[in-house]
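Note sheet for the following structure.
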């Protein structure tokens with residue numbers, strides 16, 4: 001039974017909207033999004049070569065969200081997400097080397113090779129994971145917000161989850177407490193239309209996920225998650241709401257993942273044409289490229305230079321991830337407990 | 343020039359059939375283009391280009407079966423092609439080196455807390471727990487209490503009595519009935535540097551939150567390579583309660599004591615409960631603190647000392663004896679002490695060891711005792727299979743097999759859900775007579 005359709009809007013954008021930042025800012029977003037795209041393509045390749053094991057969930061197609069939200073973050077604001085986390089880490093400013101080396105399970109990885117693709121963290125970048133249990137990050141992120149309010153530090157916890165996690169019970173337990181206690185949290189729902197192989201129409205009685213906070217009195221809005229500028233504007237508004245003491249805010253980012261749920265997904269649940277349509281007409285990187293060119297802020301040569309720079313960074317990260325040694329066997333028993341201070 | 347390699351499309355794939363090429367020599371490809379289809383025994387999947395370039399050669403024709411992963415299948419050349427990292431065997435760090443024995447989990451050697459020379463006052467277990475929380479909250483602003491009915495109601499079992507009045511609603515937080523959610527919030531707050539005490543009205547309800555206790559709290563330090571801390575105490579009544587039936591009456595000791603990354607404490611008397619709860623709150627690791635409802639109202643002697651802290655990871659010999667070792671924790675310690683009195687009247691001197699901490703388990707104290715008594719009875723309120731007694735016995739067998747003069751015996755709950763009927767409930771729970779009988783059996787008396 002098909003109910004409320006929530007497909008990404010079809011068709012190429014008829015006009016290019018005005019930019020929401022300076023030339024330098026817009027070029028930086030372009031570079032970050034391209035870095036995530038090229039990084040993920042390379043991760044997919046390393047997976048294919050057997051250098052990355054287990055599960056590996058790529059962020060290709062969703063780059064505008066992590067980059068757009070990051071653009072309005074203030075120092076000390078936290079980010080937490082699920083297992084499709086590589087893009088958020090790069091957006092947070094983590095070194096591509098330590099992210100890629102964690103994917104290959106090497107000592108140079110951000111978790112010394114002990115976490116893997118789904119479990120990465122960086123206290124330096126205020127990135128709190130990287131969580132493998134669908135929906136767990138929503139309660140944890142709300143707890144980060146509880147700590148912000150407790151410490152009165154003025155910070156906001158950006159808590160990402162997908163359309164699949166949006167059906168987990170603890171999401172609503174967290175919504176309830178977040179609004180009840182006016183916690184500074186922005187819930188960023190990355191609605192990429194598919195929870196693994198189940199489309200949102202087949203899994204959700206209410207497919208407009210920004211409405212999921214209504215019974216908790218949490219405001220929410222739908223955002224074009226393929227447009228970094230729309231993401232930025234919405235995230236700024238939501239963060240301001242949360243930071244000013246008004247409590248949580250929900251942003252439903254309409255987006256699309258180009259690749260399978262994980263690397264071992266044969267994708268029988270959607271057509272090649274559906275993917276191609278989004279790639280051709282709604283690609284977030286090409287869209288920003290159009291804006292840059294329309295404003296005369298970058299020509300083809302400038303964009304090619306960025307591409308070359310990004311490719312070199314990714315090649316370097318892949319080489320590091322390939323050559324960094326496996327963790328020393330003594331690491332097996334470290335980081336299980338912290339020592340008790342006497 | 344870049345070789346396109348036969349990719350692995352799943353963690354287990356070793357080879358596949360190159361079913362179809364979507365490109366031919368001379369075609370231009372950009373990353374993301376589908377260039378080929380591969381069949382495995384499970385599925386047909388598309389191969390996308392990672393690099394930009396011109397197809398210079400097709401190295402494996404379509405229809406080829408059993409193509410090994412990482413075999414070059416095509417060659418790209420031209421603009422934009424960045425050399426692919428070549429697959430190599432993972433550099434193996436000293437595989438031959440023996441895996442190190444696990445270090446002792448207790449990092450700092452625990453100092454025995456002694457009651458000797460202390461001024462002792464009579465305090466109920468309930469108030470000792472409250473005092474521990476109050477003292478630690480006075481000492482450290484990052485410590486706070488959250489849970490159902492902990493604030494305005496003053497605690498479902500009155501363990502948090504007067505805390506709201508002293509510390510206010512910032513630090514004593516009434517939650518909705520939402521264990522999974524508020525346990526997750528607590529863990530998140532701990533990751534951000536606070537030191538939450540999360541109270542479960544009973545540990546039976548804590549089962550709703552077990553994912554956050556194990557997957558989020560216990561494992562994150564390890565998964566983050568030591569970056570993310572989680573100093574948190576989960577506490578509440580555990581084990582048998584009176585006439586509440588199967589869902590409200592269960593011992594979770596063995597469940598949590600199995601998890602690396604957690605510390606698990608199950609005290610018996612009020613002095614240990616207070617000293618260990620203070621140690622748990624100060625501990626930088628996640629701690630599961632198992633209290634017992636039937637002991638809350640019982641009075642014990644407690645040192646009149648705000649710095650009374652009992653180290654985690656050290657068992658306590660409650661009664662010395664030479665004939666048989668009785669191990670127990672929580673409420674069962676009281677039963678074991680009563681059994682020891684009965685046994686003494688019959689000429690059997692039992693040594694009663696209160697485990698106090700289940701993880702890390704102080705097996706040295708147990709083994710030392712068994713070396714003296716040569717006989718062992720384990721006492722627990724929970725089920726026997728895969729239980730605390732099973733673990734105690736396994737450690738004794740590993741370390742003191744030759745010292746045993748009789749096979750050890752487990753005293754535990756019968757292997758059934760807790761019945762409601764008074765007579766069946768009593769039959770299902772281990773009692774003093776069971777311990778006496780087991781002790782006599784291992785002494786061949």
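Protein chains in written order, with my numbering: chain S, 1 to 342; chain E, 343 to 787. Cβ atoms here follow ideal geometry from the backbone N, Cα and C, with glycine treated the same way.
Unbroken beta strand (DSSP E) run spanning residue 377(E), endpoints: 376-381
Own chain partners of residue 447(E) with C-beta closer than 6 Å, once the 5 adjacent residues on each side are dropped: For residue 447(E), the pLDDT reaches just 44, beneath the cut-off of 50, and the residue's location in the model is therefore unreliable, leaving the point undetermined.
DSSP three-state assignment for residue 557(E), whether helix, strand or coil: Secondary structure of residue 557(E) (DSSP, three-state): helix.
Proximal residues to residue 663(E) (C-beta, below 6 Å), its chain only, five neighbours per side dropped: 691, 692 and 693
Neighbourhood of residue 259(S) by C-beta, 6 Å cutoff - its chain only, sequence neighbours within 5 removed: 58 and 60
Pick from 137(S), 340(S), 128(S) and 222(S) that is closest to residue 522(E), judged by C-alpha positions: It is 137(S) whose Cα lies nearest to the Cα of residue 522(E).
C-alpha gap between residue 773(E) and residue 677(E), whole angstroms: 7 Å
Residue nearest to residue 203(S) in terms of C-alpha spacing, selected from 107(S), 91(S), 167(S) and 230(S): Measuring from the Cα of residue 203(S), the nearest candidate turns out to be 167(S).
Of the listed residues 182(S), 162(S) and 159(S), nearest to residue 336(E) (C-alpha basis): An answer regarding residue 336(E) cannot be provided, because it is not within the stretch 343 to 787 covered by chain E.
Short CB-CB distance (under 8 Å) between residue 114(S) and chain E: yes
Any C-beta of chain E under 8 Å from that of residue 161(S): no
Contained beta strand (DSSP E) runs [length at least 3] in the segment 243-284 of chain S, N- to C-terminal order: 249-254
Separation of residue 413(E) from residue 160(S), as counted between CA atoms: 38 Å
Contact set between residue 41(S) and chain E, taken where Cβ atoms lie within less than 9 Å: 373, 374, 390, 391, 392 and 393
Separation of residue 146(S) from residue 246(S), as counted between CA atoms: 13 Å
Exposure label - residue 371(S); buried when at least 16 CB within 10 Å: With chain S covering 1 to 342 only, the question about residue 371(S) has no answer from this structure.
Min CB distance residue 125(S) to chain E below 8 Å: No - not a single Cβ of chain E is within 8 Å of the one on residue 125(S).
Chain E contact for residue 119(S) (CB, 8 Å cutoff): yes
Beta-carbon spacing of residue 645(E), residue 460(E) below 8 Å: yes
Neighbouring residues, chain S, relative to residue 531(E) (Cβ below 8 Å): Within chain S, the residues near residue 531(E) are 143, 144, 146, 147 and 150.
Completely contained alpha helix (DSSP H) runs for the segment 198-248 of chain S, where each covers 4 or more residues: Segments of the alpha helix (DSSP H) lying fully in the segment 198-248 of chain S: 200-203 and 228-241.
Min CB distance residue 269(S) to chain E below 8 Å: no
Euclidean distance between Cα positions of residue 76(S) and residue 155(S): 6 Å
Interface flag, residue 567(E) vs chain S, CB-CB below 8 Å: yes
Distance CB(residue 769(E))-CB(residue 582(E)) smaller than 8 Å: no
Whole-angstrom distance between residue 194(S) and residue 62(S), CA atom to CA atom: 13 Å
Neighbour flag for residue 97(S) against chain E, beta carbons, 8 Å: Not one chain E Cβ lies under 8 Å of residue 97(S).
Cβ of residue 577(E) within 8 Å of any chain S Cβ: no
Simplified DSSP state of residue 22(S), which is helix, strand or coil: Here residue 22(S) sits in coil by DSSP.
C-beta atoms of residue 489(E) and residue 408(E) nearer than 8 Å: No, these two residues do not count as a Cβ contact at 8 Å.
Straight-line gap, residue 387(E) to residue 237(S) (C-alpha atoms, nearest Å): Rounded to whole angstroms, the separation of the alpha carbons of residue 237(S) and residue 387(E) is 42 Å.
Cβ pair count under 8 Å reaching 3, the segment 286-295 of chain S against the segment 225-241 of chain S: yes
Of the residues 606(E), 623(E), 723(E) and 566(E), the one placed nearest residue 656(E), counting alpha carbons only: 606(E)
Contacts that residue 570(E) makes with chain S (C-beta to C-beta distance below 8 Å): 121, 123, 128 and 129
Beta strand (DSSP E) segment containing residue 345(E), residue limits: 344-347
Buried versus exposed, by CB contacts within 10 Å (16 or more), residue 153(S): exposed
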